[in-house]
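Asks: I'd like to ask some things about the structure below.
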Amino acid sequence: MMGPLTQQMNHLSLGTTGTYMTAAAAAAPMQGTYIPQYTAVPASAISVEGVVTEASPQSVPPSSQDGSGQQQPLCVDGPADHTPTYSYQPAKASLGANQFPPQHILANILCKRAATGQEKSSLMEYAGLSVLWWLAVFMSTLALERIAVGGMVPSRIKLNKLCKFCDVQLSTCNSSGTCQVNCSITSICEQNDEVCVAIWRKNEENNTIETVCHSPTQPLYGIFLKDYNSSDCEMKKQKTENGPLYICSCDEDECNENLFFSDSVKRKNGRESTESTESTENDPGTTDHEVVLVILISLLPLLVLAVVVVASFYWYRIYRRRKLSEWETKKLSKRKGPLDCSDACAIMMDDDRSDSSSTHANSLNHNTEPLPIELDMQVGKGRFAEVYRAKLRQSSSQQFETVAVKIFPCEEYASWKNEKDVFSDIDLKHENVLHFLTAEERKVERQFWLITAYHPRGNLQDYLTRHLISWEDLRRLGGSLARGIAHLHSERTPCGRPKVPIVHRDIKSSNILVKNDLTCCLCDFGLALRLDNSLSVDDLANSGQVGTARYMAPEVLESRINLENIESFKQTDVYSMALVLWEITSRCNAIGEVKDYEPPFGSKVREHPCVESMKDNVLRDRGRPEIPSSWTKHPGVALVCATINECWDQDPEARLTAQCVAERFKEMNDDLDKLSTRSSSEEKIPENCSVSVSDDK
Numbered sequence: 168m169m170g171p172l173t174q175q176m177n178h179l180s181l182g183t184t185g186t187y188m189t190a191a192a193a194a195a196p197m198q199g200t201y202i203p204q205y206t207a208v209p210a211s212a213i214s215v216e217g218v219v220t221e222a223s224p225q226s227v228p229p230s231s232q233d234g235s236g237q238q239q240p241l242c243v244d245g246p247a248d249h250t251p252t253y254s255y256q257p258a259k260a261s262l263g264a265n266q267f268p269p270q271h272i273l274a275n276i277l278c279k280r281a282a283t284g285q286e287k288s289s290l291m292e293y294a295g296l297s298v299l300w301w302l303a304v305f306m307s308t309l310a311l312e313r314i315a316v317g318g319m320v321p322s323r324i325k326l327n328k329l330c331k332f333c334d335v336q337l338s339t340c341n342s343s344g345t346c347q348v349n350c351s352i353t354s355i356c357e358q359n360d361e362v363c364v365a366i367w368r369k370n371e372e373n374n375t376i377e378t379v380c381h382s383p384t385q386p387l388y389g390i391f392l393k394d395y396n397s398s399d400c401e402m403k404k405q406k407t408e409n410g411p412l413y414i415c416s417c418d419e420d421e422c423n424e425n426l427f428f429s430d431s432v433k434r435k436n437g438r439e440s441t442e443s444t445e446s447t448e449n450d451p452g453t454t455d456h457e458v459v460l461v462i463l464i465s466l467l468p469l470l471v472l473a474v475v476v477v478a479s480f481y482w483y484r485i486y487r488r489r490k491l492s493e494w495e496t497k498k499l500s501k502r503k504g505p506l507d508c509s510d511a512c513a514i515m516m517d518d519d520r521s522d523s524s525s526t527h528a529n530s531l532n533h534n535t536e537p538l539p540i541e542l543d544m545q546v547g548k549g550r551f552a553e554v555y556r557a558k559l560r561q562s563s564s565q566q567f568e569t570v571a572v573k574i575f576p577c578e579e580y581a582s583w584k585n586e587k588d589v590f591s592d593i594d595l596k597h598e599n600v601l602h603f604l605t606a607e608e609r610k611v612e613r614q615f616w617l618i619t620a621y622h623p624r625g626n627l628q629d630y631l632t633r634h635l636i637s638w639e640d641l642r643r644l645g646g647s648l649a650r651g652i653a654h655l656h657s658e659r660t661p662c663g664r665p666k667v668p669i670v671h672r673d674i675k676s677s678n679i680l681v682k683n684d685l686t687c688c689l690c691d692f693g694l695a696l697r698l699d700n701s702l703s704v705d706d707l708a709n710s711g712q713v714g715t716a717r718y719m720a721p722e723v724l725e726s727r728i729n730l731e732n733i734e735s736f737k738q739t740d741v742y743s744m745a746l747v748l749w750e751i752t753s754r755c756n757a758i759g760e761v762k763d764y765e766p767p768f769g770s771k772v773r774e775h776p777c778v779e780s781m782k783d784n785v786l787r788d789r790g791r792p793e794i795p796s797s798w799t800k801h802p803g804v805a806l807v808c809a810t811i812n813e814c815w816d817q818d819p820e821a822r823l824t825a826q827c828v829a830e831r832f833k834e835m836n837d838d839l840d841k842l843s844t845r846s847s848s849e850e851k852i853p854e855n856c857s858v859s860v861s862d863d864k
């Protein structure tokens, strides 16, 4: 029988002189020794993949016989001038049959040396040579490892992974929490850094698993791989746009074949150890106690903050209710006639000490709950807001106080904020300025509210449309209007404290309210401007051409206001005030025949004229509302008409100041008797225009 050493082999061998050889196992039996016979093959026949692709064997006698007649092995030697040529790259596949084992090299060397007779040493010499060879290999390995530790060469050549690679397969899971991937395809990853990945999904019918190779540096389904250095594929729950899934990654060959969902996972670190984790019914993955502890510690400050906020809210709510109840029980005292400095200071000090001032007046309502206000009916509507009559209910009883609520839509936030800021100035308080209570941000309704005192007589324009007025009413309305504007323009309060002057910039009869005592109070400060010293010329220039075209001064229509002098802005208010005084005078029965109410330039322009139309009348034609000669027959009205003419002068610097107009109205009481005596009998004051001097004292 043929022994194991006589098996047929086909290997690649290298002769002592460098010739590549192919070995064919001898079929003849030998006495316990197997020396293969070789056929010379040129180096050009060796492919770059390390296998013989073409061979032209040279005829070599399989054996020779010595004189004794015994068969001797034939050793092959290449040509003496042959130089070995190496053209070899490592094969991707496993070791092939044509690769030459190293023991045949040693056999050929022994055969070579024995056949030529160059060396007749014993077998122990070759054994010693082998020991020296392996010792040299061992020392070289140690040297390479030391160099690798020093960072000179890589300590490990990292090969591409072998991973299970199936698109979608059903999985088989057991009761221990381990799932077996039913994938028979093993693939070599294309890139060096790719690891094995498994994605586990559960639908209504079954569980499916996808196994792939993937690089940790790139997202997979929007997820970055984290635990890819593990040797086991431990499933972790992840959320994606298409629903939750479980994903794992590992760094060993075919490690994505077994998926672990169990409470403990074996790790191979020289010995087997288990790591206890908590598992839930919905999440088959593991939960880290430290992560839970960190989350709880992070939430602790938020919990403390929530307790503080709730306690503060509860305390402030009780405090607000108590203050609101006290404020609602107080009523504003009504005073007639102008106040001197001491009276005005007393009112301001009383307002500052009052609960209503500290809780609501001139401030924004910062309460978490809005005031208990019930809207009643709409009483006015402008460009930026609507005005409602409303009931401010008291929490302690069924009583309520009537207030006015100006409601701005969210688009007019800038106008609401500007008016709120002007009202918030404590120095704005005056009997001829609308009394401000508070402001609120109604986030639910997406509205902004200004809550003020309510005056049932309405605005001056509506009042003049419905009523004729007497000379006394004219004097009271005109004088209070001038005092309110003078207070805005003043740089000091009635008490002498410094004050920031304010220009209204939209004075007209519809922005003036009539109080119960037939005095005026200014309202609608949405376009008002605080003439602060910090404002630059650019700031003033950016304030724009604002106001109502019918009441605009010539310099405003022409956009030629002197920005270097803040008095120029005050002079525009004086021009507008003159037009309002003309409206008041036109409805006084002291002038004789009184026509229906008509706004300034009513017969020349349409109801809502544009700027260009007003330019034609005011700038080009230098037109003003007509003052009939019959108006001047009354001495008092004649003085008012003269004042009006001086206030709407084309030259801004020639106009009177608001304070001067207020003083003229005050002097009318003292000079009325003198004016009456100077007038002829035909110009006597009618009985219904008699003057009551006590009102101005």
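If you count the sequence shown from 1, you need to add 167 to reach the numbering used here. Quick reminder that beta carbons are idealized off the backbone N, C-alpha and C, glycines included.
Rounded to whole angstroms, what is the Cα-Cα separation between L329 and A365?
Replies: The straight-line gap from Cα to Cα measures roughly 13 angstroms.
Asks: Exposed or buried, Q738, counting other C-beta atoms within 10 Å across all chains shown (16 or more means buried)?
Replies: Classification of Q738: buried, given that the 10 Å Cβ count is 16 or more.
Asks: Name the residue from E774, T632 and D699 whose alpha carbon lies nearest to the alpha carbon of D592.
Replies: Checked all of E774, T632 and D699; the closest Cα to D592 is D699.
Asks: Let me know the secondary structure DSSP gives F692 once reduced to three states.
Replies: In the structure shown, F692 sits in coil (DSSP, three-state: anything other than H, G, I, E or B).
Asks: Quick one: is D706 buried, meaning 16 or more other Cβ sit within 10 Å of its Cβ, or exposed?
Replies: Looking at its Cβ environment, which holds fewer than 16 other Cβ atoms inside 10 Å, D706 is exposed.
Asks: What separation, rounded to the nearest whole angstrom, lies between the Cα atoms of E639 and K762?
Replies: Each residue's Cα considered, the two are about 19 angstroms apart.
Asks: Going by the CB atoms, is the gap between T375 and R368 shorter than 8 angstroms?
Replies: Contact flag set, yes.
Asks: Does DSSP put G803 in a helix, a strand or coil?
Replies: Of the three classes helix, strand and coil, the one that applies to G803 here is helix, per DSSP.
Asks: Regarding A716 and the ligand GDP, is the C-beta to nearest heavy atom distance less than 7 angstroms?
Replies: Ligands in the displayed structure: none, and consequently the ligand GDP is not present.
Asks: Just curious, the beta strand (DSSP E) that M544 is in, first and last residue?
Replies: I540 to K548 is the span of the beta strand (DSSP E), which, as asked, contains M544.
Asks: Do you know offhand how far A571's Cα is from N585's?
Replies: Cα to Cα, A571 sits roughly 18 angstroms from N585.
Asks: Pairing CB atoms from the stretch 590-604 with CB atoms from the stretch 663-673, are three or more of them under 8 angstroms?
Replies: Enough Cβ pairs lie closer than 8 angstroms, so yes.
Asks: Strictly by DSSP, which residues pair up with N867?
Replies: Only positions 168 to 864 of the chain appear in this structure, which leaves residue 867 out of reach.
Asks: Is it right to say E371 is buried, meaning 16 or more other beta carbons lie within 10 angstroms of its own, or is it exposed?
Replies: The residue is exposed, with fewer than 16 neighbouring Cβ atoms inside 10 Å.
Asks: Taking all protein chains shown into account, do 16 or more other C-beta atoms lie within 10 angstroms of the C-beta of H622, making it buried, or fewer, making it exposed?
Replies: When all chains shown are included, H622 counts as buried.
Asks: Does the count of Cβ pairs from the stretch 677-695 and the stretch 625-632 closer than 8 angstroms reach three?
Replies: Yes: at least three Cβ pairs fall under 8 angstroms.
Asks: Just to confirm, are C400 and C380 a CB contact at a threshold of 8 angstroms?
Replies: Not closer than 8 angstroms, so no.
Asks: Check the DSSP bridge columns for P576 and list the partner residues they point to.
Replies: According to DSSP, P576 bridges with Q614.
Asks: Does DSSP put L392 in a helix, a strand or coil?
Replies: In the structure shown, L392 sits in coil (DSSP, three-state: anything other than H, G, I, E or B).
Asks: What does DSSP give as the partner residues of Q405 in its beta bridges?
Replies: DSSP output for Q405 lists L412 as bridge partner(s).
Asks: Give me, in chain order, the residues of the same chain whose beta-carbon lies closer than 6 angstroms to that of D816; leave out the 5 immediate sequence neighbours on both sides.
Replies: Counting only Cβ-Cβ distances below 6 angstroms, and skipping sequence neighbours, we find R822.
Asks: In the DSSP assignment, what residue or residues form a beta bridge with E419?
Replies: Paired residues: none, contrary to the question.
Asks: So for D673, helix, strand or coil by DSSP?
Replies: Coil.
Asks: At the level of alpha carbons, what is the spacing between E760 and S753?
Replies: Looking at the two C-alpha atoms, the distance is approximately 10 angstroms.
Asks: Where does I758 fall in DSSP's three states?
Replies: If DSSP states are grouped into helix, strand and coil, I758 belongs with the helices.
Asks: Closest Cβ-Cβ distance between I462 and chain D: below 8 angstroms?
Replies: Protein chains in the displayed structure number just one, and chain D is not present.
Asks: Taking the Cβ atom as the reference point for each residue, do V600 and A695 lie within a distance shorter than 8 angstroms?
Replies: No, the Cβ-Cβ distance between V600 and A695 is not below 8 angstroms.
Asks: Once you ignore the five residues that flank P411 on each side, which residues in its own chain have a CB closer than 8 angstroms to its CB?
Replies: Excluding positions up to five away in sequence, the list reads K404 and Q405.
Asks: Report the three-state DSSP secondary structure of S647 (helix, strand or coil).
Replies: Correct three-state label for S647: helix.
Asks: Using CA coordinates, which residue listed in G651, K782 and G769 is at the minimum distance from P792?
Replies: Nearest C-alpha to P792: G769.
Asks: In angstroms with no decimal places, state the Cα-to-Cα distance between S342 and P386.
Replies: Their Cα atoms are separated by approximately 32 angstroms.
Asks: Within its chain, find whatever has a CB closer than 6 angstroms to the CB of T555; leave out the 5 residues flanking it on each side and keep chain order.
Replies: It is worth fixing the name first, because residue 555 is Tyr in this sequence and not Thr. Once the five neighbours on either side are set aside, the close Cβ partners of Y555 are L542, Q545 and V572.
Asks: If we count the other Cβ atoms within 10 Å of its Cβ and call it buried at 16 or more, is W798 buried or exposed?
Replies: Its Cβ being crowded by 16 or more others within 10 Å, W798 is buried.
Asks: Quick check on the DSSP output: the beta strand (DSSP E) that includes A821 runs from which residue to which?
Replies: Per DSSP, A821 belongs to no beta strand (DSSP E) and is neither H nor E.
Asks: Can you tell me whether C577 is buried or exposed, with buried defined as 16 or more other CB within 10 angstroms of its CB?
Replies: C577 is exposed by the Cβ-count criterion.
Asks: Could you pull out every residue in the same chain whose Cβ sits closer than 7 angstroms to the Cβ of D420, ignoring the five residues on either side in sequence?
Replies: K328 and L329.
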